[in-house]
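Visitor: I have a structure here, written as structure tokens, and I will follow up with some questions on it.
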Amino acid sequence: MALFNSFASRISFRIIATATVILLSLAAGAQFFVRSSIIKMEEDKAQGVLSNTELKINTVMDAVETVLRNNLRTIEQNLDSPQELYLVVKNVVESNKDLIVGSALAFEPYYYKREGMRFSPYCYNDGKDIFVKQLGSEEYDYHSMDWYLIPKLLDKPYWSEPYYDEGGGEQLMTTYSMPLKDKNGKFFAIFTADVSLSWLSEVMDEAKYYEKSYNFILGRGGTFITHPQRHLIYNETFFTLSETLGDPVIAKVGYHLLDGNSDMEETNDIIYGPSYIFYKPIERTGWSMAIICSQEEIFSEANVISLVVAILILISLIVLAIVSFTGVKIMVKPMKQLASSADEIAHGNLQAPLPAFKSHDEMGRLLESFRFMQSSLHEQMDELGRVNAQKGRIEGELKVASDIQMSMLPKTFPPFPDRKDIDIYGTLHPAKEIGGDLFDFFIREDYLFFCIGDVSGKGVPAALVMSVTRTLFRNVANKEKSPDKIISQMNNALAGQNDSNMFVTLFVGILDLQSGRMKYCNAGHDAPILVGESVGFLPVLSNVAAGIIPDFDFVAQEVLIDPFTTIFLYTDGLTEAENTNYELFGLDRLKETADHSLDEGNRQPEDFVRTMTSAVHDFVGEASQSDDITMLAIQYKRQSSNVKFQRSLTIINDMAMVSKLNDFVAEICSKAAVDEDVILKIQLAIEEAVVNVIDYAYPKGQTGNINIEVQVYDAEIVFFIRDYGVAFDPTTKEDVDTTLSVEDRPIGGLGIYLVRQIMDSVRYERNDGANILSLTKYLP
Amino acid sequence: MKRIILSLFTLLVIGGAGFAQKRSKIVFSPQWTAQAQFAGYYVADSLGFYAEEGLDVTIKHPTKTASSLSRLAKGECDIITMHLMSALKAREEGLELVNVLQTSQQNALMVVSNTPLHGNPENLRGKTLGTWKVGFDELLRIMDKALNLNIQWIPFAGGVNLFISGAVDAQLVMNYNEFFQLKMAGLRIDEDNLFYMSDISGYNIPEDGLYVTTRYYKAHKAEVDKFVSASRKGWQWCLDHQDEALGIVMEQVKRNNIGTNKVAQKWMLGTVLHMQEIKETGERPFTLKEDVYLHTVKLMTDYGLLGKEAPEYKTFVK
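Protein sequence lines, in the order shown, are assigned to chains A and B. Here my numbering is used: the first residue of the first sequence is 367, the next is one more, and so on. Here my numbering is used: the first residue of the second sequence is 53, the next is one more, and so on.
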């Protein structure tokens, strides 16, 4: 909200809100106390009035009761002469004209046999004259009347419920009835005094002290005895009123009244609506008096005070709002100026002038801080400028370094456009500007020398080591012809001056372009894959990375590369490429991609590398490249003219590999259309020769490779079994003396005997640290 | 203009009818002073249902000196309402009455007590019981005898003061009248402190019905039938228009100067209409069923309220 975007409005709002809450709470509290005390005051007043009224009523009733009591003795004296009793009741009325309007002495049935069932001397005053008569008659069977029955049954005096006298001029009456008993305690008559209650209305009216208030009396049965609405009197009770108005609150109040409580409560009145009712019982009769006061009137003064207070609160809040708003606005003015200065500074004008004001409060401190910040910023910006210039220079140099580094790598493809027997493609995607990956290749004397490597670490140090490594490779490979020697020399060179503990994983291969035979040596690098008839990892000995252990004995391996097979070399930047979910590209995906590519007939180096590149690119997605990714694919395309076809298999020195060997032999012999029974024999011979190698070529417990190469010609099939173990020529073994028993024959003799029997030629040579056994079988 | 012509025409027709046919005069006396208990008759009178039948009905309420029964006996009125049991008793005492319409199908009597009754009349044993001086208490007196309750009967003039003052243990009340008065007097009556006679097996004796003397019935069968049919129409109208019927009742109440109020009369009208239903079925037959009649006669005979042989059902109910 725009209104609350300034300090002044926000702070003022908070102040006003707080002040409003406090003032309203105070006002509400005050109002509550004022109202409570008003109600308390009113209650005291009302109860005072009600007590006073009850006192007046009691005075009258006491007088009436006393009159009757005073006549008891006369009645007793005259019981024997019933006619005298007329005089008694007449005397009661005559002597108390202002108090008693009628009196009866009503006897039990046949109390005087002579007087019949109903005998009741009665005297009444109609306001002008006094009459005496017999009250009971067939129409007026007083024995069943309330005034007679109730005191008789209750055995105590009884003030009747008020009633309107029909004969005596429509005035409100009540009758006091006193049961009389003889000496034996036997009830015999009721002595009554009829009392006018017309004064009661006056008394109640006198008690009225508000404009909007009135008083009323209820009988025991809730009947209205007095009420300003005259039609209610006698016709309605408090509860029919509640029923008529559909207001249960009235009935609830009514019950409290009839229960004889003295109290006050809120109610709804038929005349004034929301009101207070103050009530008190008239103990003697069981009636209830009540005063109704309209709430509006009771609280009229309190309401005026409330209004005044409300206006005062409103005025104070407005004043407070104005004062706090302008006050805060003045106080925060420097802040506004500071803000515009800061804006200017932020836009680059570091020399922007700061507002000039003198203050020792927080504002002053803020200005000081600003001033300090401005000067610091100025210095920092200068420094930053210098650093940036320096950085630019370094970046430029790095760019040059990177260019030099990249220029070291072969970058013209195809590299040997004149040669039909070899196709090469390689890429290096550096992760940082300069990286530690390398690959290289050159042809010397019809041998392809190639290497791929990954220097530990990244950046300039890795790049330097990479340059050294690449130079070493060129230098060493120019003189040496076996990969283990090349790597050994490189290793020693790198380890000798390796103060920074850096190392290189390397794979060096030398491919004889004439024969397709590849010698290779690995120094801790990932195994390349061969994509030929199928996709498989080239079996490699891990050795250790170059540059770590001087004079380490690196072991070379050899394999025959089948024509049109692509050797795919890569660095771990490929297999460890990470996507946004921190998953690695991995060997499985690498193989999958290669399989897929092969399925589509694609093993041409450039296409293959591009396929792999896009696969890893798709996999990585938005994730940033964390390591150099280098790939080198070499496809050997030469096929010797008289060789129909050739295959090779490399296994390790484990008996478990024998079945694989047999399958390989069977497959190739079938392809060469050799007879089934001859195949079995050849299998046996090759197995014998290889098992011999497995058993003896390598020291116990050391894993070594055994390479089996097959060349199929028109008239012969030649097997080359190659291992790098200890020099051993099996052909020098004497043929076994088959006349000896099996136990007595020397070890190995039978094997070579068998091989000689099956194969047509068996030759051995030791070349470059390898034992090569060639076995030839002429084909019919 | 059209309306004036229509009004004139209506006046002519009504005036003409008045001249054309002399209406039969009937004096009708309900058994009590003006109240909603007789709403159907007030409605039939006030809405002209009687006039439509060609009857000129005068309603005369009883006074202290002239009950409806005594008026009928003296020939001062023609048709009265009466409780079934009172009618049977009057018949035995020589006033040959026939029942021409039975409005009530349930007993309205109930007992309200200061002490718990648990719905069992046995709990009244030996208690003082306020009852009306003028009667209507025959059924409870039969029960007193039947169960040997030894009730101390206190006859009194009326109203509720006797009970409220605590002078009696219990009081007989009508569910349509005094029961409501007690409530409206601020008495909080526990359901356990009362029972309805209609709930006590064998005591649900119907009350109000219309009666004429046998002689009058023979002489004026047509008029009586018309009166009965118009009265039934009046009661049906009450059932359908309770608020308007209440207004008509209140007019009667005012005219007769009766001290009561609208809520009490509303209660009474509702209760009286409810009691016109047969308790078990909710049906409003407006006739006295034969089995009910026979049961009533037996009950009264067994407990000595009837000495002679009661009339045949078909003789009594027309």
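Quick reminder that beta carbons are idealized off the backbone N, C-alpha and C, glycines included.
1) Looking at the C-beta of residue 390/A, does it have a partner C-beta in chain E at a distance below 9 Å?
2) From residue 995/A to residue 968/A, what distance separates their C-alpha atoms?
3) Output the distance between the C-alpha atoms of residue 534/A and residue 93/B, rounded to the nearest integer angstrom.
4) On the premise that residue 162/B lies in contact with residue 248/B, defined as a C-beta separation below 8 Å, what is that separation, rounded to the nearest angstrom?
5) On a Cα-Cα basis, can you pick out the residue from 437/A, 696/A and 517/A that is closest to residue 374/A?
6) Just tell me which of 197/B, 200/B, 309/B and 221/B has its CA closest to the CA of residue 206/B.
7) Helix or strand or just coil, what does DSSP make of residue 157/B?
8) For a contact defined as C-beta to C-beta under 9 Å, what are the partners of residue 117/B on chain A?
9) Considering Cα atoms alone, identify which of 845/A, 694/A, 1133/A and 1144/A is closest to residue 1081/A.
10) Strictly below 9 Å CB to CB, what residues from chain B border residue 586/A?
11) Determine the chain A residues that contact residue 206/B at a beta-carbon separation under 8 Å, and present them in chain order.
12) Report the option in 642/A, 1129/A and 610/A whose CA atom is closest to the CA atom of residue 319/B.
13) Could you tell me whether the Cβ atoms of residue 563/A and residue 544/A are closer together than 9 Å?
14) For residue 308/B, list the residues DSSP reports as bridge partners.
15) Could you compute how far the alpha carbon of residue 584/A sits from the alpha carbon of residue 338/B?
16) Going by beta carbon distance, what residues of the same chain come within less than 6 Å of residue 1063/A, once the five residues before and after it are set aside?
17) Please classify residue 894/A as buried or exposed, where buried requires at least 16 neighbouring CB atoms within 10 angstroms.
18) Could you name each continuous beta strand (DSSP E) segment of 3 residues or more that falls completely within the stretch 963–1013 of chain A, going from the start of the chain to the end?
19) Spatial neighbours of residue 284/B within its chain, please: C-beta separation below 6 Å, excluding the five flanking residues on both sides.
20) Can you give the Cα-Cα distance for residue 408/A and residue 597/A, rounded to whole angstroms?
21) Starting from residue 749/A, follow the alpha helix (DSSP H) in both directions and report where the run begins and ends.
22) Taking the DSSP output, what are the residues bridged to residue 206/B?
23) Once DSSP output is grouped into helix, strand and coil, what is the label at residue 244/B?
24) Quick one: list the residues of chain A neighbouring residue 167/B, beta-carbon separation under 7 Å, in chain order.
25) Helix, strand or coil: which one does DSSP assign to residue 701/A?
26) Should residue 301/B be flagged as near chain A, meaning a C-beta pair shorter than 9 Å?
27) Identify every residue that forms a DSSP beta bridge with residue 872/A.
28) Would you check if the distance between the CB atom of residue 939/A and the CB atom of residue 797/A is smaller than 9 Å?
29) Taking 6 Å as the limit between beta carbons, can you name the residues of its chain near residue 945/A, skipping five residues before and five after?
30) Tell me whether residue 305/B is buried or exposed, calling it buried when 16 or more other Cβ atoms sit within 10 Å of its Cβ.
31) Less than 9 Å separating the beta-carbons of residue 386/A and residue 683/A?
32) Assign residue 274/B to buried or exposed, taking buried as 16 or more other Cβ atoms, counted over all protein chains shown, within 10 Å of its Cβ.
33) Counting Cβ pairs closer than 8 Å, one from the stretch 849–868 of chain A and one from the stretch 971–984 of chain A, do we hit at least three?
34) Please state whether the Cβ-Cβ distance between residue 124/B and residue 263/B is less than 9 Å.
35) Round the Cβ separation of residue 444/A and residue 451/A to the nearest angstrom and send it over; I've been treating them as touching at under 8 Å.
36) Measure the Cβ-Cβ separation of residue 137/B and residue 191/B and say whether it is below 9 Å.
Guide: Reading from the atomic positions:
1) Among the protein chains in the structure shown, which are A and B, there is no chain E.
2) 21 Å
3) Any answer about residue 534/A is weak, because its pLDDT of 48 lies below 50 and its placement is not dependable; what the coordinates show is given next. Computed Cα separation, rounded: 35 Å.
4) 5 Å
5) Looking at the Cα atoms, 696/A is the closest of the given residues.
6) 221/B
7) coil
8) Residues of chain A passing the Cβ test: 504 and 505.
9) 1144/A
10) Per Cβ cutoff of 9 Å: 213, 216, 217, 237 and 238.
11) 515 and 519
12) 610/A
13) no
14) In the DSSP output, where bridge partners are listed per residue, residue 308/B has none listed.
15) 42 Å
16) 1089 and 1091
17) When all chains shown are included, residue 894/A counts as buried.
18) 995–1002
19) Contacts found: 338.
20) 29 Å
21) 728–774
22) 182/B
23) helix
24) Close to residue 167/B, with beta-carbon spacing below 7 Å, lies no residue of chain A; the smallest spacing is near 16 Å.
25) helix
26) no
27) Listed as beta-bridge partners of residue 872/A by DSSP are 819/A and 889/A.
28) Contact flag set, yes.
29) 985, 986, 987 and 989
30) buried
31) The criterion of a C-beta distance shorter than 9 Å is satisfied by residue 386/A and residue 683/A.
32) exposed
33) no
34) Against a cut-off of 9 Å, the Cβ pair of residue 263/B and residue 124/B comes out as a contact.
35) Contact between residue 444/A and residue 451/A is confirmed by a C-beta separation of about 6 Å, below the 8 Å threshold.
36) yes
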